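Novice:
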Amino acid sequence: MKYYGYCRVSTETQAEKGFGLEAQEQGIKKYAHEHGLELELIFRDEGISGNLKDTDDDEAIGKREALMEMLSMLEAGDVVIVLNTSRLWRSDMTKAIIRRELMKREARIISVEQPKYDLYTKDPNDYLINAIMEALDVYERMSISLKLARGRTVKAKAGDKPAGVCPFGYRYSADKKSVEVEPEEAAIVKQMFTEGQKGKSLNQLAEFLNEKGYKTRRGCTWSAGNVQVILRNRFYIGELMHQGKPIKGNHEPLVSKVQFGKVAAQIDKRRRGK
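So the sequence shown is numbered by my numbering: it starts at 563 and just counts up by one.
1. Does the contact criterion of 3 or more C-beta pairs under 8 angstroms hold for the stretch 699 to 719 versus the stretch 763 to 778?
2. Within the same chain, show all residues whose beta-carbon is closer than 8 angstroms to that of L601, passing over the 5 residues directly before and after it, in chain order.
3. Could you check whether L645 and Q586 sit closer than 8 angstroms to each other, using their CB atoms as the reference points?
4. Round the Cβ separation of D722 and S735 to the nearest angstrom and send it over; I've been treating them as touching at under 8 angstroms.
5. Can you give the Cα-Cα distance for R832 and G787, rounded to whole angstroms?
6. Does DSSP put F730 in a helix, a strand or coil?
7. So, R606 versus L636, is the Cβ gap smaller than 8 angstroms?
8. Does the beta-carbon of S572 have 16 or more other beta-carbons within 10 angstroms, so that it is buried, or is it exposed?
9. Give the DSSP-derived three-state secondary structure of G823 in the structure shown.
10. Using only CA atoms, which one of V751, G582, R712 lies nearest to Q805?
11. Alpha carbons only, please: which of F770, T715, R649, E769 is nearest the one belonging to P808?
12. When you compare the CB positions of F755 and V817, do they come within less than 8 angstroms of one another, or not?
13. Can you tell me whether L614 is buried or exposed? The criterion is at least 16 other CB atoms within 10 Å of its CB, across all chains shown.
14. Between E742, S634, K777, which has its C-alpha nearest M665's C-alpha?
15. Out of S653, P677, A669, which has the shortest C-alpha to C-alpha gap to A638?
16. Of all the options A718, E757, E814, C782, which has the alpha carbon lying nearest to the alpha carbon of F770?
17. Our contact map puts G731 next to V751 with C-beta atoms below 8 angstroms; I'd like the distance itself, whole angstroms only.
18. Taking the alpha helix (DSSP H) that P745 falls in, what are its first and last residues?
19. For W784 versus N772, is the C-beta spacing smaller than 8 angstroms?
20. Could you tell me the distance, in whole angstroms, from the CA atom of I671 to the CA atom of S707?
21. May I ask which residues mark the beginning and end of the alpha helix (DSSP H) holding M630?
22. Near K717, which residues of its chain fall below 6 angstroms by C-beta distance, leaving aside the five closest residues on each side in sequence?
23. For the alpha helix (DSSP H) that F552 lies in, which residues bound it at each end?
24. On the criterion of 16 or more Cβ atoms from any shown chain inside 10 Å, does P745 qualify as buried, or is it exposed?
25. Spatial neighbours of I660 within its chain, please: CB distance less than 7 angstroms, with the 5 preceding and 5 following residues excluded, ordered by chain position.
26. Quick check: the Cα distance between L793 and Q753, rounded to an integer number of angstroms?
27. What does a CB cutoff of less than 8 angstroms around P729 pick up in its chain, not counting 5 residues either side in sequence?
28. Whole angstroms is fine: what's the gap from T778's alpha carbon to V743's?
Structure (structure tokens):
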């Protein structure tokens with residue numbers, strides 16, 4: 563368990579008697595001395611408002627550098643000592659955000675001027691605000707997911723791979739904006755299709771690749787399963803699959819549609835034969 567002090571003077575209250583940084587720090591040190599507590603560090607924020615405005619939350623909390631640093635250091639059981647909880651928050655929304663962060667870290671607050679204050683006391687208002695905050699968290703995650711999904715759709719419709727790892731035989735360009743051929747892997751893919759067109763089974767293809775000493779991208783030996791993944795992937799004929807629909811891609815095909823179709827026919831023929 564560690565004890566930290568926190569002081570803040572907002573632009574609105576710098577002139578308030580008794581709430582200057584030095585006065586707060588002296589009050590915190592005096593309390594710690596009287597109760598035999600050893601302070602690890604006292605964090606100080608100067609000139610940042612504690613009010614959380616609808617359009618100004620970064621100014622209110624995100625720019626309180628000392629507060630952010632303190633929260634990042636807190637561990638379970640640690641205690642934050644303040645002269646008054648108003649030094650941590652002044653609005654209900656700001657209170658809800660900071661309380662959540664403190665409680666996530668299982669930290670406690672000691673308020674010198676509010677000896678009965680308990681961070682974990684249940685207040686009906688807290689239930690409402692916490693419910694709102696949780697709903698906002700969900701909304702934010704959904705908004706981010708929606709934006710990402712839209713971005714993927716736009717890229718796919720334009721013929722660019724929208725996201726994810728490039729198939730074996732390809733890699734992203736240096737600027738990550740396009741897909742280009744990876745020569746060594748591409749040569750293996752082409753051999754795979756050539757041998758598959760000759761009638762080799764998936765197991766025989768895997769054995770062929772392993773005898774040649776070829777490895778998968780992860781450095782593993784080949785199996786029938788990961789061979790089939792490649793031979794069935796239409797990316798190699800220059801197509802993207804997005805939402806179950808083929809789209810002409812901007813990347814270079816490694817095999818022709820004719821060869822791809824013949825290899826797929828060989829695989830299906832063997833499957834029916836079983």
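Cβ coordinates follow ideal geometry from the N, Cα and C atoms, glycine included. All values reported here derive from a predicted model rather than from experimental measurement.
Specialist: On the basis of the data shown:
1. no
2. Excluding residues up to 5 positions away in sequence, Y565, Y566, G567, I590, K591, A594, I643 lie with their Cβ nearer than 8 angstroms to the Cβ of L601 in the same chain.
3. yes
4. Contact between D722 and S735 is absent: CB atoms are separated by about 11 angstroms, not below the 8 angstroms threshold.
5. 15 angstroms
6. Coil.
7. no
8. buried
9. helix
10. R712
11. T715
12. yes
13. Any reading at L614 needs caution, since the residue's pLDDT is 43, under 50, leaving its predicted position unreliable; the model's value is listed next. So L614 counts as buried.
14. S634
15. A669
16. E757
17. Separation of the CB atoms of G731 and V751 is rounded to 4 angstroms, and the pair is thereby assigned contact status at 8 angstroms.
18. 745 to 759
19. yes
20. C-alpha separation (whole angstroms): 36 angstroms.
21. 627 to 635
22. P724, listed in sequence order.
23. Past the edges of the chain, shown from 563 to 836, lies residue 552, and the structure says nothing about it.
24. exposed
25. L650, W651
26. 11 angstroms
27. I792, N795, F797, Y798
28. 16 angstroms
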